[in-house]
Structure formats: structure tokens, C-alpha cells
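Structure first, then comments.
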Amino acid sequence: MTHKIAILGASGYTGAELVRLIATHPSMEIVALSADRKAGMEMAAVFPHLRHLSLPTLCKIDEIDFADVDLCFCALPHATSQKVIKALPSDVKVVDLSADFRLRDPEEYAKWYGGQHDALEIQKEAVYGLTEFYRDEIKAARVVAGTGCNAATGQFALRPLIEAGVIDLDQIILDLKCAVSGAGRSLKENLLHAELSEGYHAYAVGGTHRHLGEFDQEFSKIAGREVKVQFTPHLVPANRGILATVYVQGDAAEIHATLVAAYGEEPFIEVLPFGEAPSTRHVRGSNFCHIGVSGDRIEGRAIVIAALDNLTKGSSGQALQNANLMLGEEETAGLMLAPCFP
Numbered sequence: 001m002t003h004k005i006a007i008l009g010a011s012g013y014t015g016a017e018l019v020r021l022i023a024t025h026p027s028m029e030i031v032a033l034s035a036d037r038k039a040g041m042e043m044a045a046v047f048p049h050l051r052h053l054s055l056p057t058l059c060k061i062d063e064i065d066f067a068d069v070d071l072c073f074c075a076l077p078h079a080t081s082q083k084v085i086k087a088l089p090s091d092v093k094v095v096d097l098s099a100d101f102r103l104r105d106p107e108e109y110a111k112w113y114g115g116q117h118d119a120l121e122i123q124k125e126a127v128y129g130l131t132e133f134y135r136d137e138i139k140a141a142r143v144v145a146g147t148g149c150n151a152a153t154g155q156f157a158l159r160p161l162i163e164a165g166v167i168d169l170d171q172i173i174l175d176l177k178c179a180v181s182g183a184g185r186s187l188k189e190n191l192l193h194a195e196l197s198e199g200y201h202a203y204a205v206g207g208t209h210r211h212l213g214e215f216d217q218e219f220s221k222i223a224g225r226e227v228k229v230q231f232t233p234h235l236v237p238a239n240r241g242i243l244a245t246v247y248v249q250g251d252a253a254e255i256h257a258t259l260v261a262a263y264g265e266e267p268f269i270e271v272l273p274f275g276e277a278p279s280t281r282h283v284r285g286s287n288f289c290h291i292g293v294s295g296d297r298i299e300g301r302a303i304v305i306a307a308l309d310n311l312t313k314g315s316s317g318q319a320l321q322n323a324n325l326m327l328g329e330e331e332t333a334g335l336m337l338a339p340c341f342p
């Protein structure tokens with residue numbers, strides 16, 4: 001069976017990444033691609049690296065006949081997605097890559113995203129899209145909310161440790177570096193080459209980053225009590241990748257064993273031998289996440305490091321992984337491509 005796929009917001013980085021991945025999927029066909037300012041253009045003109053593919057011309061969303069669509073990937077900006085998804089036919093499955101359905105509490109959404117939610121009925125049915133931890137719910141879902149790329153990386157490092165009770169929940173420091181594609185494709189002065197290259201900087205310092213809403217929601221749910229991590233993201237002059245360095249209190253060997261046990265059967269999570277540290281260059285362009293654990297010279301402390309590609313495992317690859325489950329396909333379909341190195 002071939003599933004008919006639409007991608008809304010196909011002219012952005014995550015949209016292009018979805019096209020790249022679906023191009024080799026054994027049972028998906030892209031039947032519609034939408035864009036706003038680039039409507040009417042061919043995908044090859046917007047992304048020349050995709051010129052070898054036969055793809056629909058970019059169009060406006062209201063020009064798409066959703067009667068011919070089985071599943072829609074929504075790669076639109078925050079606040080836009082909820083309005084668009086609200087208007088879609090109720091029989092179309094949706095994987096949303098924005099933040100609009102990640103937070104279950106509408107008040108938390110308003111707090112972190114600065115506006116009231118416009119599709120609360122859909123919010124109630126949306127399933128959080130961290131595949132490895134919501135697999136059964138995703139299989140039965142109509143709407144899946146993709147995670148933030150930073151939030152996914154931190155959760156892969158910490159969720160099993162919080163659930164197993166092997167770390168001090170009040171002493172978690174998450175230091176994260178994210179490549180510039182995580183900021184999207186829109187022109188921004190601070191992302192110009194001359195502004196960004198040859199250095200990196202912290203941003204959203206002091207607990208203002210929106211992905212903290214996801215950390216608060218998910219970690220507190222697991223622990224059964226409030227858990228707040230200390231989190232500082234940094235923007236690095238690289239195109240792809242996230243590296244999260246997490247400082248925790250607990251026995252390093254036990255922490256490593258806990259992660260090995262948690263991810264032993266997971267196709268996309270690789271826990272490295274104790275003492276080895278991952279690198280973004282080893283997961284580039286892939287749906288894999290590498291996790292390493294090391295002890296610290298201070299007794300009773302450990303360092304957990306997670307690396308993934310923000311556009312693939314952190315966003316579009318995760319979205320395709322979820323879509324596979326929603327459509328009854330093999331979870332790994334279209335996603336086992338090896339990382340690109342060097």
C-alpha cells in the first residue's frame with residue numbers, strides 16, 4: 001500500500017529534510033507540497049539538492065485537495081500550525097513539527113509562547129511525539145506533536161535516569177550546543193555569516209528558553225513531583241547538530257548501566273562504551289542519537305553527553321518515525337541511512 005503524503009511548509013529546512021527522507025521510503029508518495037512566499041515555484045529551484053526528484057510544484061495550502069491525502073506533515077511556524085491543523089479534514093492524520101501541541105496545559109503554552117491556544121480540542125487528543133517513550137500512544141493517534149530538537153536531546157539523556165531514580169533530581173545542569181539550522185531558514189541579522197562564524201554564544205540565559213516547558217512537563221510527569229533543570233543553550237557556527245552535556249549527581253557506572261538497559265532494543269539510540277564521548281559529526285544527516293557517560297573527578301558526579309542531528313532525529317526524522325507508526329509501517333522505514341562523514 002502506498003500512503004499519500006502532504007508536506008505543509010516544504011520550503012523550510014525541516015520540510016526539505018522530510019522530502020529527502022521520504023524520497024527513499026518504500027511506501028510513501030508525496031502528493032502535495034505547500035509554501036507561502038515560494039508558492040508556484042518548483043522544489044528544485046528552492047532546494048537544488050533535491051532536483052533529481054519528481055515532486056509536486058509548491059502551492060498554497062488552500063489549493064491542496066486533502067481528500068487525496070493520508071497523512072500531513074505540518075512544518076509551519078508556531079501559532080500558524082494550530083490554525084491550519086484545526087481546518088484540516090478530521091480523517092487526515094497529522095504530524096506537527098511546530099510547538100503548538102507539545103504542551104498539554106494551555107496556560108503553560110500561553111506562558112512559553114505568548115498567546116492563547118486556538119485549537120484546544122485538538123490539543124486534548126494530540127500525543128507527544130518522543131517516539132521511544134510514547135510508541136503505543138503514537139500508533140493510535142490522529143495528531144502527533146513533534147518535540148523540540150533541544151528538548152528531545154535532553155530527554156534522551158535524562159528520562160531513563162529520572163525514571164530509575166539514579167540521579168539527584170534537584171541537581172541537573174544541562175549545557176547544550178545547537179547548530180544554526182535550528183533557528184530556521186528565515187533571514188536574521190544575528191545568523192549572517194559575519195555575525196555568527198568564528199565564535200559561539202549562549203542565548204536564552206537564565207531559564208527563558210521555550211523548550212524548558214517541555215522539560216518541566218515531561219520530567220515532572222516521570223518523577224511524580226516537580227523537576228526543574230538548569231538549562232543554557234548555545235548557538236554554534238555549524239549547519240547541523242546538537243550536543244547536550246548534562247551534569248548530574250549519581251554513580252556513573254549505574255547511570256551508564258541504566259541507559260544501556262533502557263535503550264538496548266532501540267534501533268536509533270546508541271549508548272557508547274563507558275567513558276566514550278559522542279560527537280555531532282558521527283550522527284550527521286541520520287536518525288541516530290549517540291549517548292556517552294563518564295565519571296567525574298569529584299566522587300558521586302557524572303557527565304552524560306548526547307548528540308543528534310537537529311534536523312533529522314531532532315525533527316523531520318522523528319516525524320517520519322512517528323508517521324510510520326501511525327500508518328502501520330515498520331518504524332525504521334526510510335530512516336536507516338548511515339550518517340554522512342566526514
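Start counting the sequence shown at 1; every next residue gets the next number (full-length UniProt numbering). Just so it is clear, CB atoms sit at the ideal spot from N, CA and C, and this is done for glycine as well.
According to the DSSP assignment, Leu196 belongs to the alpha helix (DSSP H) that extends over His193 to Leu196. In this model, Val227 and Met43 are separated by some 44 Å (Cα to Cα). His234 is a Cβ neighbour of Ala202, given a cutoff of 8 Å. Straight-line spacing of the CA atoms in Ser316 and Gly15 works out to 8 Å. Between the C-alpha atoms of Phe341 and Ala238 there is a straight-line separation of about 14 Å. Closest in alpha carbon position to Thr147, among Lys139, Ala126, Pro160 and Ala140, is Ala126. The secondary-structure analysis by DSSP pairs Thr245 across a beta bridge with Asp175 and Ile305.
A distance below 8 Å separates the beta carbons of Leu335 and Leu320.
Taking 8 Å as the upper bound for CB-CB distance, Ser98 and Leu76 are in contact here, some 6 Å apart. If you ignore the 5 residues before and after Val46, its C-beta comes within less than 6 Å of the C-beta of Ser11 and Lys38, all in its own chain and listed in chain order. Excluding its 5 nearest sequence neighbours in each direction, Ile30 has C-beta neighbours in its own chain below 7 Å: Ile5, Ile7, Val19, Ile22, Leu55 and Pro56, listed in chain order. Across the structure, Ala87 and Leu243 are spaced so that their CA atoms are roughly 37 Å apart. Lys4 is bridged by DSSP to Glu29. Judged by DSSP secondary structure, Pro106 falls within the alpha helix (DSSP H) whose first and last residues are Pro106 to Tyr113. Here DSSP, grouped into helix, strand and coil, assigns His49 to helix.
For the 8 Å CB-CB criterion, Gly213 and Trp112 form a contact. In this structure, Glu17 is the residue among Glu17, Asp62, Gly9 and Cys74 with its C-alpha nearest to the C-alpha of His49. Listed in chain order, the non-local C-beta contacts of Asp168 below 6 Å within the same chain comprise Gln249, local neighbours out to five positions each way being set aside. Following the DSSP letters along the chain, one finds Lys93 in no alpha helix (DSSP H) but inside the beta strand (DSSP E) bounded by residues Lys93 to Asp96. In this structure Arg51 is exposed. Its beta-carbon is surrounded by fewer than 16 other beta-carbon atoms within 10 angstroms. DSSP, read as helix, strand or coil, puts Ala126 in coil. Going by beta carbons, Cys178 and Asn310 fall inside the 8 Å limit. The C-beta separation of Ile162 from Ile255 comes to about 11 Å, leaving the pair out of contact by the 8 Å criterion. Note on geometry: alpha-carbon atoms of Ala323 and Glu299 lie some 44 Å from one another.
Between Pro339 and Arg284, the alpha-carbon positions lie close to 5 Å from each other.
Gln230 counts as exposed, since fewer than 16 other beta carbons sit within 10 angstroms of its beta carbon. DSSP places Ile138 in the uninterrupted alpha helix (DSSP H) bounded by Arg135 to Lys139. By the criterion of a C-beta distance shorter than 6 Å, Pro267 is surrounded in its chain by Thr332, once the five residues flanking it on both sides are discounted.
His282 is not bridged by DSSP to any residue. Under a 10 Å Cβ-count criterion, Glu218 is classified as buried, with 16 or more other Cβ atoms of the shown protein chains found around its own Cβ. DSSP places Leu71 inside the beta strand (DSSP E), whose first and last residues are Leu71 to Cys74.
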